[in-house]
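Contents: one structure, followed by commentary.
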Amino acid sequence: MLPFTLQFNPYPFDLYSLAIYIIFPLSIIIFIVGFAYRITRLILALRRKKWVAYRAPVGITTLILGLVNVYIYPPLFAAFRNKKDLVLGLMAVHMVGLLPLIFLLGQHVAFYAYFIPIYSLLWPLAIPISAATGSLPLFQQFEPAIATQPFHSSIWGPLTVVLNGDVLTIISLVAVGFKLGERLYMMVKEGHRPSDVILYIHLTLILITGALAAHHESLPFLTGASAYRSVLGLHMILAGLFLALVPFTKYWHFVFGMFFGKIVEWIDRTVMRGAALEGGRLVPPRRKVRRR
Amino acid sequence: MTRRVTLPTSIVKPRGEEARRELLAEETRKVIEEYLGLPEMHFLEACVDCGACAPSCPFYKAVDKRYSPVGMANEMRKLYKKTSTITGKLLGRLVGARLPETEEEIEEIFDLAYHCSNCGACYYTCPHGIDSGTIIAMLRSVLFRHGLAPSIINLLARLELRVIESPWRSLQYEWDRVIEELKRDHNVAKEGEGRYLILLDIYNVFVNKENIDAYLEVLDAANIKYSFPDRPLGVRPPLPLTVGHYETARRVANFIYNYTISKGYGNLLILDGGYPYNDLKFAYTYYRASKPRELDIIHVAQLIYESYLYEGLPAFTQWGKATYIPSCNIDTRGGIGAASKLVEITARPYEKHLMWPYAGVGWMSLLCPYVREKLSIYLGVDLVLEEESVEEKLISDMRKVARHLAEEAYKTSTGYHVFGCIDDIIVMRAARVENVNPVHLAQWLKQHLLK
Ligand code: SF4
Ligand code: SF4
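Residue numbers (this note's numbering), protein chains in the order written: chain P, 1 to 292; chain L, 293 to 743.
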């Protein structure tokens, strides 16, 4: 007996159905279990050993400056000393690449908002699929007026000339391609772990299938519902796999690792030892002198 | 006539590659079992291999691209994954989990592990808050258990316990002579009467005496009551930590804590700009020493800063321009803001990233020959290494690092470069770096506070 929704589905066994009804729910479960597993390990590790030995006296200004510093120091340092990494790593892969694509692309917002209604709060920030459409295709059916005012529906206004799915995909593909090349070189020359190469190939495939699905109307080999469902299904299966891999791979960094890491660093350096900036430029609060 | 004593480069060398691998896995498990806490787990598991930390590492910049923080720390990650994680055990090399297979590979790891001075510069620049230095220190501990440590550092580390527990007569004699000189020139309180016990060790007293003198003069002027220990409190404690010899480090630290308390002091005052402050004050949980709650460990820069500045005295910033070079272990890891506050800074930290990485291992490589020379005199033996090449390589690489950093410092060209750590100055001299005018913080303070 097929589930209720599948009974009315003309393609119950194609890739799209597989993605929606099996892979995605499974990925979410794996993600949650994996997430819980990693957090549990961290908690157990916290209980195993004392963090640092001592808490230095720190003032509130030091605490705040220390927190700001742990976040701004790496990009500032990269801006002066590591420009390639800043441009290709931080900017192309993350800021004007994958992050807006994953979280703000109109189609993605619609998809997430369907499952998590509160996500629809991000609609004003959603970005269109291409510069040509400008407006968000998903809005068009509700507000016919915007078809003649291409940037009306987006908070990004004329910025959508750059901030759209197509351009972001191209930037991401270039950056991920570069990283893939770098990792391949490292794997062959230095015996670096192959898992990085696999992950970058995976990312590339997600980007390509996503772009194909977004432009299926204008691609002759993707006309027809079945072809479209296949490529979109493939995109979603790969994306589901991405989600499932998050807790077990380096994808972890953008969900938890990076934010947590900065908090760890802040606690370690500022809260415990009282250092705020490099070289601890702040005046430490007055110490109570022990008398014996 | 002096005797020649040949020191082996490694401690024990198990025979056979398979046996060595097994042993290494076992030792890794032990280190992980004992020292893995929450931050270490994060450091081991959350690196994304982006390489953003690399340009901050002086070894990477000045010696070879092989010595990147992530590259060196990854050697520990490989061992960790192979022995202690499920994915590593299941997927092995696919996820970078592996044990070294040949002697050459182990030697290679050894070389990498000793090209990190644990300065903490990469901690600042990692976007993910990963302290590669700590991971590489863990790797040194695994290697130590495996019988690998540079022999001269290892010898001094082992001697340290002997020095504080029962210093031999020739050493004690020489010690007493220098201490008498210091007592003659300064207002040293009688034992038990001072509020601060100064941590004096062989290195400070025999290598760094002129700066100790300067600090004491400033303390005298501020009317701070301090006393000296009646014996050297180590070579430079807790020295065994630099080679990952936690067990001895624990005994050394415990001895110092208990000694200070037993003599009736609640404050241990550290004059050293290198690792002793950080390692005795903060890092002791790594090697599980037990510092009593009633003991505080204070750095002299902090004490001077408090004594003068809180009384409204004097305007440090009007002493003329100088570049303060943060010394890794009191500033970065020790959080002593006061040291840099005592000098007007002209370098912009993000741009220059001045950090002098001689903590622990770095110091060892370049300065051990000095200490070795002194010890040879007091021991009456000529210490010869079985394989000088390991030491020679470290020393020559540290020289490259010193030259590189001096060039960076020179760019700030303020005329003076003030260092909180004598190591940096000695290292600069050893590296024959010109153009930079190094001044020790103690001399800087003496010159301006007492004029
Ligand atoms: S330690 Fe940090 S900066 Fe260095 S490679 Fe890993 S994540 Fe990147
Ligand atoms: S702690 Fe210092 S020496 Fe060690 S890897 Fe990091 S930057 Fe390099």
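We put the CB at the ideal spot given by N, CA and C, even for glycine. These numbers were taken from a predicted model, which means no experiment stands behind them.
Tell me where the alpha helix (DSSP H) around residue 708 of chain L begins and ends. Counted from its first residue, the second sequence places residue 708 of chain L at position 416. Here residue 708 of chain L belongs to no alpha helix (DSSP H), and DSSP marks it neither H nor E.
Give me, in chain order, the residues of the same chain whose beta-carbon lies closer than 6 angstroms to that of residue 736 of chain L; leave out the 5 immediate sequence neighbours on both sides. For the purposes of this step, residue 736 of chain L is identified with residue 444 of the second sequence, where counting begins at 1. Counting only Cβ-Cβ distances below 6 angstroms, and skipping sequence neighbours, we find 710.
Are there three or more Cβ pairs, one per stretch, closer than 8 angstroms when the stretch 411-428 of chain L is compared with the stretch 360-367 of chain L? yes
Residue 563 of chain L: which of L:516, L:538, L:571 and L:490 sits nearest, CA to CA? Here residue 563 of chain L is taken as the residue at index 271 of the second sequence, counted from 1. Among L:516, L:538, L:571 and L:490, the Cα nearest to that of residue 563 of chain L is on L:490.
Kindly list, in the order they appear in chain P, the residues whose Cβ is closer than 8 angstroms to that of residue 282 of chain L. The requested residue 282 of chain L is not part of the displayed model; chain L covers only 293 to 743.
Rounded to the nearest angstrom, how far is the Cβ of residue 19 of chain P from that of residue 171 of chain P, given a contact under 8 angstroms? Indexing the first sequence from 1 puts residue 19 of chain P at position 19. Indexing the first sequence from 1 puts residue 171 of chain P at position 171. With a Cβ gap of about 26 angstroms, residue 19 of chain P and residue 171 of chain P do not count as contacting.
Is residue 82 of chain P a contact residue of ligand 2, with contact defined as CB to any heavy atom under 6 angstroms? For this step, residue 82 of chain P is matched to residue 82 along the first sequence. Residue 82 of chain P: no, Cβ never under 6 angstroms from ligand 2.
Within 6 angstroms: the Cβ of residue 621 of chain L and any heavy atom of ligand 4? This structure lacks ligand 4; the ligands present are ligand 1 and ligand 2.
Can you list, in chain order, the residues of its chain with a C-beta nearer than 7 angstroms to that of residue 335 of chain L? Leave out the 5 residues immediately preceding and following it. To locate residue 335 of chain L, count along the second sequence from 1; it is residue 43. Counting only Cβ-Cβ distances below 7 angstroms, and skipping sequence neighbours, we find 422, 423, 426 and 427.
Under the criterion of a Cβ to heavy atom distance below 6 angstroms, does residue 713 of chain L qualify as lining ligand 2? On the second sequence, position 421 is the one that residue 713 of chain L refers to. No, ligand 2 has no heavy atom inside 6 angstroms of this Cβ.
Between the C-alpha atoms of residue 696 of chain L and residue 350 of chain L, what's the straight-line distance to the nearest angstrom? As a first step, residue 696 of chain L must be located in the second sequence, where it is residue number 404. As a first step, residue 350 of chain L must be located in the second sequence, where it is residue number 58. Rounded to the nearest angstrom, the two C-alpha atoms are 8 angstroms apart.
Measure the beta-carbon distance from residue 387 of chain L to residue 449 of chain L and round it to whole angstroms, keeping in mind my assumption that it falls under 8 angstroms. Residue mapping note: residue 387 of chain L aligns to position 95 of the second sequence, counting from 1. Residue mapping note: residue 449 of chain L aligns to position 157 of the second sequence, counting from 1. With 8 angstroms as the limit, residue 387 of chain L and residue 449 of chain L do not qualify as a contact, their Cβ atoms being about 35 angstroms apart.
Closer than 8 angstroms by beta-carbon distance: list the chain P residues that pair up with residue 348 of chain L, in chain order. For the purposes of this step, residue 348 of chain L is taken as the residue at position 56 of the second sequence. Within chain P, the residues near residue 348 of chain L are 77 and 81.
Nearer than 6 angstroms: is that true of the beta carbon of residue 409 of chain L relative to any heavy atom of ligand 2? By one-based count along the second sequence, residue 409 of chain L stands at place 117. With a cutoff of 6 angstroms, residue 409 of chain L counts as near ligand 2, since its C-beta is closer than that to a heavy atom of the ligand.
Within 10 angstroms of its Cβ, does residue 410 of chain L collect 16 or more other Cβ (buried), or is it exposed? Translated into positions along the second sequence, residue 410 of chain L becomes position 118. Buried.
Quick one: does the C-beta of residue 710 of chain L sit closer than 6 angstroms to a heavy atom of ligand 1? Looking up residue 710 of chain L in the second sequence gives position 418. Residue 710 of chain L: no, Cβ never under 6 angstroms from ligand 1.
At a Cβ threshold of 7 angstroms, is residue 333 of chain L touching chain P? For this step, residue 333 of chain L is matched to residue 41 along the second sequence. For residue 333 of chain L, the answer is yes, since a Cβ of chain P falls inside 7 angstroms of its Cβ.
Which of the three DSSP states, helix, strand or coil, is assigned to residue 33 of chain P? Here residue 33 of chain P refers to the residue found at position 33 when the first sequence is read from its first residue. Residue state, collapsed to three classes: helix.
Assign residue 162 of chain P to one of three DSSP states: helix, strand, or coil. Against the first sequence, residue 162 of chain P aligns to sequence position 162. Correct three-state label for residue 162 of chain P: coil.
I'd like the span of the beta strand (DSSP E) that includes residue 559 of chain L, first residue to last. Here residue 559 of chain L refers to the residue found at position 267 of the second sequence. From DSSP, the beta strand (DSSP E) with residue 559 of chain L extends over 559-562.
Taking the C-alpha atoms as reference points, what is the distance between residue 311 of chain L and residue 395 of chain L? For the purposes of this step, residue 311 of chain L is taken as the residue at position 19 of the second sequence. For the purposes of this step, residue 395 of chain L is taken as the residue at position 103 of the second sequence. The straight-line gap from Cα to Cα measures roughly 11 angstroms.
Could you tell me the boundaries of the alpha helix (DSSP H) in which residue 361 of chain L lies? Locating residue 361 of chain L in the second sequence gives position 69, counting from the first residue. Its alpha helix (DSSP H) spans residues 361-376.
Mind listing which residues of the stretch 237-256 of chain P have their C-beta closer than 8 angstroms to chain L's C-betas, in chain order? 248, 250, 252 and 253
Can you name the residues that DSSP bridges to residue 588 of chain L? Position 296 of the second sequence, counted from the first residue, corresponds to residue 588 of chain L. Bridge partners of residue 588 of chain L: L:559.
Selected residue, minimal CA-CA separation from residue 43 of chain P, among L:338, L:340 and L:329: Along the first sequence, one-based indexing puts residue 43 of chain P at 43. Closest by alpha carbon: L:329.
Output yes or no for whether 7 angstroms exceeds the beta carbon distance between residue 467 of chain L and residue 524 of chain L. Locating residue 467 of chain L in the second sequence gives position 175, where the first residue counts as 1. Locating residue 524 of chain L in the second sequence gives position 232, where the first residue counts as 1. Taking 7 angstroms as the Cβ cut-off, residue 467 of chain L and residue 524 of chain L qualify as a contacting pair.
Could you please give me the residues that DSSP links to residue 416 of chain L through a beta bridge? Residue mapping note: residue 416 of chain L aligns to position 124 of the second sequence, counting from 1. Under DSSP, residue 416 of chain L takes part in no beta bridge, so it has no partner.
For residue 204 of chain P, which residues in the same chain have their Cβ closer than 8 angstroms to its Cβ, ignoring the five residues on either side in sequence? Indexing the first sequence from 1 puts residue 204 of chain P at position 204. The residues are 173, 176, 177 and 180.
7 angstroms Cβ cutoff, residue 574 of chain L in contact with chain P: Reading the second sequence from its first residue, position 282 is the one you call residue 574 of chain L. Residue 574 of chain L counts as touching chain P.
Residue from L:343, L:377, L:538 and L:441 whose Cα sits closest to the Cα of residue 337 of chain L: Counting from one through the second sequence, the residue named residue 337 of chain L turns up at place 45. Among L:343, L:377, L:538 and L:441, the Cα nearest to that of residue 337 of chain L belongs to L:377.
DSSP state of residue 147 of chain P, grouped into three classes? One-based indexing of the first sequence puts residue 147 of chain P at position 147. Here residue 147 of chain P scores only 41 on pLDDT, less than 50, and its place in the model is too uncertain to base an answer on.
Are residue 550 of chain L and residue 488 of chain L close, meaning C-beta to C-beta below 7 angstroms? Here residue 550 of chain L is taken as the residue at index 258 of the second sequence, counted from 1. Here residue 488 of chain L is taken as the residue at index 196 of the second sequence, counted from 1. No.
Test: residue 414 of chain L CB closer than 7 angstroms to a CB of chain P: In the second sequence, residue 414 of chain L corresponds to position 122, counting from 1. Answer no: the Cβ-Cβ gap between residue 414 of chain L and chain P never drops below 7 angstroms.
Give the interface partners of residue 552 of chain L over in chain P, defined as CB-CB distance under 9 angstroms, in chain order. Indexing the second sequence from 1 puts residue 552 of chain L at position 260. Ordered by position in chain P, no residue passes the 9 angstroms Cβ test against residue 552 of chain L, which lies about 10 angstroms from the chain.
Over the uninterrupted alpha helix (DSSP H) stretch that includes residue 538 of chain L, give me the two end residues. Here residue 538 of chain L refers to the residue found at position 246 when the second sequence is read from its first residue. For residue 538 of chain L, the uninterrupted alpha helix (DSSP H) run begins and ends at 538-554, by DSSP.
Among residues of its own chain, excluding the 5 on either side of residue 219 of chain P, which ones have a beta-carbon nearer than 7 angstroms to its beta-carbon? Mapped onto the first sequence, residue 219 of chain P falls at position 219. Closer than 7 angstroms at the Cβ level, and outside the excluded window around residue 219 of chain P, lie 212.
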